[in-house]
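Engineer:
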Amino acid sequence: MDLQDFEGQKLYFDDEVPADVEQLILSASEQYSKGGAESCLIKAYEMAPTNLTVLVALYRFYYYQHRYQDALRIAYESMAAVADEIEFPPHWRELNFSDLANGVLHSFTVVRFYLLALKGAGYLNLRMGNIQEGVAMLNKVIELDNNDRLGARVLLQAMGPAQVSERTAQPL
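If you want the working numbering, it's the 1-based position in the sequence shown plus 905.
Rendered as structure tokens:
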């Protein structure tokens, strides 16, 4: 399965965003340099806690503020929010090719979003020194993304070849 092939698919950001929530996100972008962005994003989150646009906006805010623990929490919430929708198991460690195939029947782009959130969570864990968890998460993405379209293998190879698990390792 080619995880870059999403032409013609509904993007996850195409989900309806209530007008008042959209206004809060817009206000957050306007308030970013003035220090008022977070309160707008928190209000948007309280109004639409599983909306992917809101979750991505909050994740990006925390990430760019170097608040990695908060960004990681949002990455986990993002995965949980879409796992039910695409019938994924409750924990990423349980995810396999069969789940991936079934998820694609619901929404290819949401499956891709889930894997990108998992990759992001893996990267954040590495940044925070949770090496074992981060490596495991990135190896899971590699396991499910044979062609490394999402770039998880590159992150692990930057840490050294020993970090890529035997199960996911392929000759270069």
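No residue lacks a Cβ here, since even glycine has one placed at the ideal position from N, Cα and C.
(1) Can you list, in chain order, the residues of its chain whose CB lies under 8 angstroms from that of residue 1018, leaving out five sequence neighbours each side?
(2) Output needed for residue 906: all residues of its chain with C-beta closer than 6 angstroms, excluding positions within five of it in sequence on either side, in chain order.
(3) I'd like the list of long-range same chain contacts for residue 973, defined as Cβ closer than 7 angstroms, with 5 residues on each side in sequence excluded.
(4) Just how far apart, CA to CA, sit residue 1004 and residue 1054?
(5) Report all residues from its chain with a CB closer than 8 angstroms to the CB of residue 920; omit the five preceding and five following residues, and keep chain order.
(6) Please return the same chain residues whose Cβ sits closer than 8 angstroms to the Cβ of residue 1046, not counting the five positions on each side in sequence.
(7) Helix, strand or coil for residue 953, going by three-state DSSP, please let me know.
(8) In terms of alpha-carbon separation, which member of 998, 1002 and 928 lies closest to residue 1039?
(9) Considering only the alpha carbon of each residue, which of 947, 934, 945 and 1000 lies closest to residue 1041?
(10) Need the endpoints of the alpha helix (DSSP H) that residue 1047 sits in, please.
(11) Can you check which of these residues, 966, 1008, 934 and 929, is closest to residue 953 by C-alpha distance?
(12) Within 10 Å of its beta-carbon, does residue 1036 have 16 or more other beta-carbons around it, so buried, or fewer, so exposed?
(13) May I have the straight-line CA-CA distance separating residue 944 from residue 1011, to the nearest angstrom?
(14) List, from N- to C-terminal side, the beta strand (DSSP E) runs of 3 residues or more that fit wholly inside the stretch 919 to 993.
(15) Among 938, 1016 and 985, which one has its Cα closest to the Cα of residue 960?
(16) Compare the C-alpha of residue 951 against each of 923, 1007, 1008 and 938 and name the closest.
(17) State the DSSP-derived secondary structure class of residue 869, mapped to helix, strand or coil.
Structural biologist: Reading from the atomic positions:
(1) Same-chain partners within the cutoff: 917, 957, 983 and 987.
(2) Confidence in residue 906 is poor, its pLDDT being 42 and thus under 50, which makes the residue's placement unreliable; the coordinate value appears in the next sentence. There are no such residues.
(3) So the list reads 1029, 1032 and 1033, once near-sequence residues are dropped.
(4) In a straight line, the C-alpha of residue 1004 is about 19 angstroms away from that of residue 1054.
(5) In its chain, beyond the 5 residues on either side, 956, 957 and 958 have a beta carbon closer than 8 angstroms to the beta carbon of residue 920.
(6) For residue 1046, where only same-chain residues beyond five positions count, the Cβ hits under 8 angstroms are 1020, 1023, 1024, 1027, 1055 and 1057.
(7) Taken through DSSP and simplified to helix, strand or coil, residue 953 comes out as coil.
(8) Nearest to residue 1039 by alpha-carbon distance, out of 998, 1002 and 928, is 998.
(9) Measuring from the Cα of residue 1041, the nearest candidate turns out to be 1000.
(10) It spans 1036 to 1049 - the alpha helix (DSSP H) in which residue 1047 sits, taken as one unbroken run.
(11) For the residues 966, 1008, 934 and 929, the minimum Cα distance to residue 953 belongs to 929.
(12) Around the C-beta of residue 1036, fewer than 16 other C-beta atoms lie within 10 Å, and the residue is accordingly described as exposed.
(13) Between residue 944 and residue 1011, the C-alpha separation is close to 34 angstroms.
(14) Counting only runs of 3 or more residues that sit fully inside the stretch 919 to 993, no beta strand (DSSP E) segment turns up.
(15) Answer by Cα proximity: 985.
(16) Out of 923, 1007, 1008 and 938, 923 has the C-alpha closest to the C-alpha of residue 951.
(17) A question about residue 869 goes unanswered here, because the residues of the chain that appear run from 906 up to 1077.
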